[in-house]
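Peer 1: Encoded as structure tokens, here's the structure I'll be asking about.
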Amino acid sequence: MKITQDFFTCNDCYNTGKTIEVKGLMLHSTAAPGVKAAEWKARWNKSYAKGETARQACVHAFVDDKDVIQALPWNHEGWHAGKGSKGSANQTHIGVELCEPKGAVYNKNGTAFAKYDVKALTPYFEKVYQNAVALFAFLCKEYNLNPRTDIICHKEGWRKGIACGHADVEHWFPLHGKSMDDFREDTAAALAALRAADTAASATQPRYRVQVGAFADRGKAQTLLARLRAAGFEGYIRT
Ligand SMILES: [Zn+2]
């Protein structure tokens with residue numbers, strides 16, 4: 070999973086310059102089947118303030134089966150959870166949009182899929198899901214978050230009263246047999262793998278040792294070690 074930074078510098082949200090303390094991650098999906106990550110820049114990198122036909126919305130990243138595009142700095146306040154007090158998750162959560170697959174068709178209300186060929190769309194789903202897991206694991210590591218308690222989807226945010234009333238991603242994931250609990254568990258496993266890789270990498274780093282004395286008399290060695298310890302240093306005697 071490679072993250073491409075391509076900030077939406079013309080979006081009004083980007084230009085507020087407001088930052089947040091990241092306390093959680095919110096998973097969304099776009100409700101625009103077939104529109105891939107790179108295409109969202111053309112749609113959302115516009116300024117309402119300048120009179121352009123722009124949506125007053127912005128998220129931190131778009132994810133599809135191939136790309137992860139970062140649209141805002143991670144600690145920037147996003148506009149992904151709704152306006153005003155209904156969208157208070159904007160002040161605490163990084164928002165990530167998953168691009169929905171081409172071929173899916175919504176019902177008239179836009180609340181659920183009217184047509185969705187599960188078998189044909191499974192290969193796409195598996196890739197976008199894995200990219201999302203990898204990104205969320207990376208963000209949990211970066212911000213020291215617990216995947217089991219600090220990740221929610223938009224619909225769960227609505228239930229908690231911190232996001233407006235959208236269905237994502239609960240209208241989509243279950244079609245592929247995945248729940249948000251599955252997503253949290255898969256992210257926890259990916260985070261554990263990232264941390265294990267870090268530990269393994271640090272174990273193979275070269276170590277530079279500092280020697281401070283060499284004596285024929287063991288007593289002198291002990292005296293020096295005591296002085297080192299008194300000064301706050303760790304040390305040991307070897308022959
Ligand atoms: Zn959403």
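If you use our numbering, the sequence shown corresponds to residues 70 to 308, in order.
We put the beta carbon where it would ideally sit given N, CA and C, even for glycine.
Treat the numbers as computed from the prediction; the structure is a model and nothing was measured.
Any chance the CB of D237 is under 7 angstroms from a heavy atom of ligand 1?
Peer 2: As a first step, residue 237 must be located in the sequence shown, where it is residue number 168. Yes - ligand 1 has a heavy atom lying nearer than 7 angstroms to the Cβ of D237.
Peer 1: Answer with buried or exposed for P391, where buried requires no fewer than 16 other C-beta atoms within 10 angstroms of its C-beta.
Peer 2: Because the chain here runs from 70 to 308, residue 391 falls outside it and cannot be looked at.
Peer 1: Please tell me whether, using a cut-off of 7 angstroms, the distance from the CB of H245 to the nearest non-hydrogen atom of ligand 1 is below it.
Peer 2: Position 176 of the sequence shown holds residue 245. Checking the Cβ of H245 against ligand 1 gives no.
Peer 1: Excluding the 5 residues preceding and the 5 following D255 in the sequence, name in chain order all residues of the same chain whose CB lies nearer than 7 angstroms to its CB.
Peer 2: Here residue 255 refers to the residue found at position 186 when the sequence shown is read from its first residue. These residues qualify, in order along the chain: V202.
Peer 1: Any heavy atom of ligand 1 closer than 7 angstroms to the beta-carbon of H97?
Peer 2: Locating residue 97 in the sequence shown gives position 28, where the first residue counts as 1. Yes, ligand 1 has a heavy atom inside 7 angstroms of this Cβ.
Peer 1: Reducing DSSP to helix, strand and coil, say where M95 ends up.
Peer 2: Position 26 of the sequence shown, counted from the first residue, corresponds to residue 95. Three-state DSSP puts M95 in a strand.
Peer 1: CA-CA distance, T191 and W227?
Peer 2: One-based indexing of the sequence shown puts residue 191 at position 122. One-based indexing of the sequence shown puts residue 227 at position 158. When rounded, the distance between both Cα atoms is 27 angstroms.
Peer 1: Any chance the CB of H223 is under 7 angstroms from a heavy atom of ligand 1?
Peer 2: In the sequence shown, residue 223 corresponds to position 154, counting from 1. H223 Cβ: within cutoff of ligand 1.
Peer 1: Assuming A106 contacts C127 under a Cβ cut-off of 8 angstroms, what Cβ separation, rounded to an integer in Å, is found between them?
Peer 2: Counting from one through the sequence shown, the residue named residue 106 turns up at place 37. Counting from one through the sequence shown, the residue named residue 127 turns up at place 58. Not a contact, Cβ separation roughly 14 angstroms.
Peer 1: Going straight from the alpha carbon of A173 to that of G234, what length do you get?
Peer 2: Taking the first residue of the sequence shown as position 1, residue 173 is located at position 104. Taking the first residue of the sequence shown as position 1, residue 234 is located at position 165. Distance between the alpha carbons of A173 and G234 is about 21 angstroms.
Peer 1: Measuring CA to CA, which of D81, D75 and K152 is closest to A232?
Peer 2: The residue labelled residue 232 in the question sits at position 163 within the sequence shown. A232 has its Cα closest to that of K152, out of D81, D75 and K152.
Peer 1: Taking the straight line between their C-alpha atoms, what separation do you get for A189 and V137?
Peer 2: Indexing the sequence shown from 1 puts residue 189 at position 120. Indexing the sequence shown from 1 puts residue 137 at position 68. Their Cα atoms are separated by approximately 23 angstroms.
Peer 1: Which residues in the same chain as C82 place their Cβ atom closer than 6 angstroms to its Cβ, once the five residues preceding and following it in sequence are excluded?
Peer 2: Counting from 1 along the sequence shown, the entry for residue 82 is found at position 13. Closer than 6 angstroms at the Cβ level, and outside the excluded window around C82, lie C127 and W148.
Peer 1: Exposed or buried, which one is S98 when buried takes at least 16 other CB atoms within 10 Å?
Peer 2: Position 29 of the sequence shown, counting from 1, holds the residue named residue 98. Under this definition S98 is a buried residue.
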